[in-house]
Amino acid sequence: MYSPLPAGGLFYRYNFHPRQALRTSVFIGGLRADDLDFNNDFQQARNASFTGYTGEWALQFEFNFLPYSTRGKRWNYTPYIAAGAAVAFINTNATIASAGEQLTAFTYVPVIPFSFGFKINVGKNMGLEAEYGFRKTFYDNFDGLKDFVDPSDYSWIHNNDWYSFAGLAFTWKFFNRLADCPAYSDVDSKRKR
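So for the sequence shown, our numbering puts the first residue at 4; every next one is plus one.
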């Protein structure tokens, strides 16, 4: 949470079961960093900074640790995790003051999204969620700075940038086709033994 900027998005979730769902989402948010924000001598001498934004389209599998449905009891809650695949576009402008350079980057890259959060029902068909999601990119040029590493030492695991989203979401259940299905009756009642 070094330099948070505004972000927003929309998502649609399809629930297979009170513990499993598939979610697709679209997000966009700002990026910013500045070497002068750090006390490291190298960064202070380099004096580089960048600003820009990133957007993504993601598809994630979501797992609830407790049975949960937006049509369930009020104050029904669960922590959850999610992971999947995504495509991100990145648009940044970098300045390297020590070299007098201005760099612009715009690209599309594959991303592996991971998220964890907490959701709670606040009314009929309404829920609130708090989520933190971090993204592993296969791109190393958010800041416009190439690492001075020998090409034989590059690795697809290391030397790549990450970004994250954190926020609150309001959910609304549009469809209720499974409301009368006995397979979902355990959402509102205790399991029989």
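From the three backbone atoms N, C-alpha and C, an ideal C-beta is built for every residue, glycine too.
Reducing DSSP to helix, strand and coil, say where arginine 22 ends up.
-> coil
Pick from Thr73, Asp143, Gly126, Arg138 that is closest to glutamine 63, judged by C-alpha positions = Arg138
7 Å Cβ shell around aspartate 164 - same chain, five flanking residues per side excluded = Thr140, Tyr142, Asp143, Phe145
How many angstroms separate the CA atom of proline 70 from the CA atom of methionine 4?
-> 31 Å
Measure the alpha-carbon distance for asparagine 67 versus phenylalanine 177 and round it to whole angstroms.
-> 20 Å
In this structure, does DSSP put aspartate 37 in helix, strand or coil?
-> strand
Could you check what DSSP says for arginine 74 in three-state terms: helix, strand or coil?
-> coil
Would you list the residues sitting across from phenylalanine 119 in a DSSP beta bridge?
-> Ile84, Tyr135
Once you ignore the five residues that flank alanine 133 on each side, which residues in its own chain have a CB closer than 7 Å to its CB?
-> Gly120, Phe121, Leu171
State buried or exposed for leucine 34, treating a residue as buried only when at least 16 other CB atoms are found within 10 Å of its CB.
-> buried
In terms of residue numbering, what span does the beta strand (DSSP E) encompassing alanine 100 cover?
-> Element bounds for alanine 100: n/a, residue is neither H nor E.
Using the DSSP secondary-structure output, state which residues sit across from tyrosine 5 in a beta bridge.
-> DSSP lists no partner for tyrosine 5.
Whole angstroms is fine: what's the gap from glutamine 47's alpha carbon to threonine 57's?
-> 26 Å
So, helix, strand or coil for phenylalanine 177, using DSSP?
-> coil
Please classify aspartate 183: does DSSP put it in a helix, a strand, or coil?
-> Reliability fails at aspartate 183, whose pLDDT of 49 lies under 50, so the model's placement of it is uncertain and the value that follows must be treated cautiously. Note: aspartate 183 maps to coil in three-state DSSP.
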